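Asker:
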């Protein structure tokens, strides 16, 4: 009888305000009512499971650019903690089909979209409380210029997210983004970095609380940094052309998994709203030291007559870069294009006082240990079954002061 009276009191109680759901439970000891308010009124926001890939943590996240280099790592990290991931894709769905494995059954969903189609973007973020924008281009194509992707597209995504009530937007920019990048090789400087800076301003205007990540040079499986320098098309036989021999450029490379971990940490941390994070590695090196070290790792220094020289005095290499851009505008062979060369020779500017990945609790991967593994398939005589200690251990690069 007491339970019936308690239930009657609950049913006759004032109804909750529109937009909330009241959940009713009973304590078996006293049969008293226990109600709580859930806001927003979405059953998907209820966490289920004990954690891990087969659970649901209450986060529904749309990842733009999931098929890219960084996107695959981010999706895997999200799926690992029980996030429902929505993956918008353009073109062939087979490009993103393998990402189905990053989450449990029913936790990875796909949605076709186009960056110029506002309605398709709106449908992709409609049910999400978190959106991550990883879309970017390292070179311009006939269909998309830098501003189309990094500025107009980023602005549209940010505006739609604000209008649809998305709680958190994470936008990935670039470390050396600046309004007027200092020219190194190209007369006007890097168009990539300039467009990334304009993209940050556009996102801030549309979504002021957006979290912005500025990654430096990212390396990892299928990257465009290590693999470009060990590619046959990047070098002149056994000679490596670098701007001013690479002795005037300082880089601070970061492992891709560390960047992905930092992005996921920002998703779960409510205090990251409106902040900017610099995603850089633990150590700084001269570009010349890094490239020499790469060739020591793949055993193409010493006896291979490896030589690093100043590309300013090599018209043949310059003609090759221009020819590669003309013949292969959509996907340059060996990632060899002027914009990439310009960007690689810009010194990483890590600003004091701006948070880094370590402020998000990320333990940075040791570059000198990880790169050995990344370049292992590119070693000379890679299939040779070497004896233990047969080859000299490559000397690590000197850290820049």
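In this note's numbering, the protein residues as written are 114 to 514. Even glycine gets a Cβ: it sits at the ideal position worked out from N, Cα and C. Note that the structure is predicted; figures quoted are calculated from it, not measured.
Just mark residue 254 as buried or exposed, buried being the case when its beta carbon has 16 or more other beta carbons within 10 Å.
Answerer: Counting Cβ neighbours within 10 Å, residue 254 comes out exposed, since fewer than 16 surround it.
Asker: Tell me whether residue 467 is buried or exposed, calling it buried when 16 or more other Cβ atoms sit within 10 Å of its Cβ.
Answerer: Exposed, because fewer than 16 other Cβ atoms sit within 10 Å of the Cβ of residue 467.
Asker: Around the Cβ of residue 518, are there at least 16 other Cβ atoms within 10 angstroms (buried) or fewer (exposed)?
Answerer: There is simply no residue 518 to check, as the chain begins at 114 and stops at 514 in what is shown.
Asker: Going by alpha carbons, who is nearest to residue 235 out of 498, 425, 271 and 204?
Answerer: Cα-wise, what sits closest to residue 235 is 271.
Asker: In chain order, which continuous runs of the beta strand (DSSP E) of length 3 or greater are located wholly inside the segment 224-284?
Answerer: With a minimum length of 3 residues, the continuous beta strand (DSSP E) runs that stay inside the segment 224-284 are 243-246.
Asker: Are the CB atoms of residue 379 and residue 283 nearer to each other than 8 Å?
Answerer: Yes; because the gap between Cβ atoms is below 8 Å, this pair is in contact.
Asker: Buried or exposed: where does residue 400 fall if 16 or more other Cβ atoms within 10 Å of its Cβ makes it buried?
Answerer: Buried, because 16 or more other Cβ atoms sit within 10 Å of the Cβ of residue 400.
Asker: Near residue 303, what residues of its chain come up, given a Cβ to Cβ distance below 6 Å and the 5 sequence neighbours on each side ignored?
Answerer: Excluding residues within five positions, the ones whose Cβ falls inside 6 Å are 294, 455 and 456.
Asker: For residue 361, which residues in the same chain have their Cβ closer than 7 Å to its Cβ, ignoring the five residues on either side in sequence?
Answerer: The answer is none, since no qualifying residue turns up.
Asker: Report buried or exposed for residue 499, applying the criterion of at least 16 other Cβ atoms within 10 angstroms of its Cβ.
Answerer: Exposed, because fewer than 16 other Cβ atoms sit within 10 Å of the Cβ of residue 499.
Asker: Can you name the start and end residues of the alpha helix (DSSP H) that residue 172 belongs to?
Answerer: Per DSSP, residue 172 belongs to no alpha helix (DSSP H) and is neither H nor E.
Asker: Mind checking which residues open and close the beta strand (DSSP E) that includes residue 490?
Answerer: From DSSP, residue 490 is part of no beta strand (DSSP E); its letter is neither H nor E.
Asker: Could you give the first and the last residue of the continuous beta strand (DSSP E) run that contains residue 306?
Answerer: Unbroken run through residue 306 is the alpha helix (DSSP H), 304-319; no beta strand (DSSP E).
Asker: CB residue 357 to CB residue 423, shorter than 8 Å?
Answerer: Yes. Within cutoff.
Asker: Pick out whichever of 168, 384 and 407 has its Cα sitting closest to the Cα of residue 421.
Answerer: Checked all of 168, 384 and 407; the closest Cα to residue 421 is 407.
Asker: Along the chain, where does the alpha helix (DSSP H) containing residue 410 start, and where does it finish?
Answerer: Note, residue 410: alpha helix (DSSP H), 400-410.
Asker: Touching or not, the segment 173-188 and the segment 198-214, by the rule of three or more beta carbon pairs under 8 Å?
Answerer: At 8 Å Cβ cutoff, the stretches touch.
Asker: Using the DSSP secondary-structure output, state which residues sit across from residue 364 in a beta bridge.
Answerer: Beta-bridge pairing links residue 364 to 398.
Asker: Write down every uninterrupted run of the alpha helix (DSSP H) in the segment 321-360 whose length is 4 residues or greater and which is fully enclosed by it, in chain order.
Answerer: Correct list: 339-342.
Asker: Decide if residue 480 is buried, meaning its Cβ has at least 16 other Cβ atoms within 10 Å, or exposed.
Answerer: Classification of residue 480: buried, given that the 10 Å Cβ count is 16 or more.
Asker: Check whether the Cβ atoms of residue 469 and residue 363 sit closer than 8 Å, and answer yes or no.
Answerer: No, the Cβ-Cβ distance between residue 469 and residue 363 is not below 8 Å.
Asker: Does the distance from the C-beta atom of residue 377 to that of residue 393 stay below 8 Å?
Answerer: Not in contact: residue 377 and residue 393 (Cβ atoms no closer than 8 Å).
Asker: How about the segment 340-347 and the segment 162-171: do they share at least three Cβ pairs that are nearer than 8 Å?
Answerer: They do not touch, by the three-pair rule.
Asker: With which residues is residue 198 paired in a DSSP beta bridge?
Answerer: DSSP output for residue 198 lists 174 and 221 as bridge partner(s).
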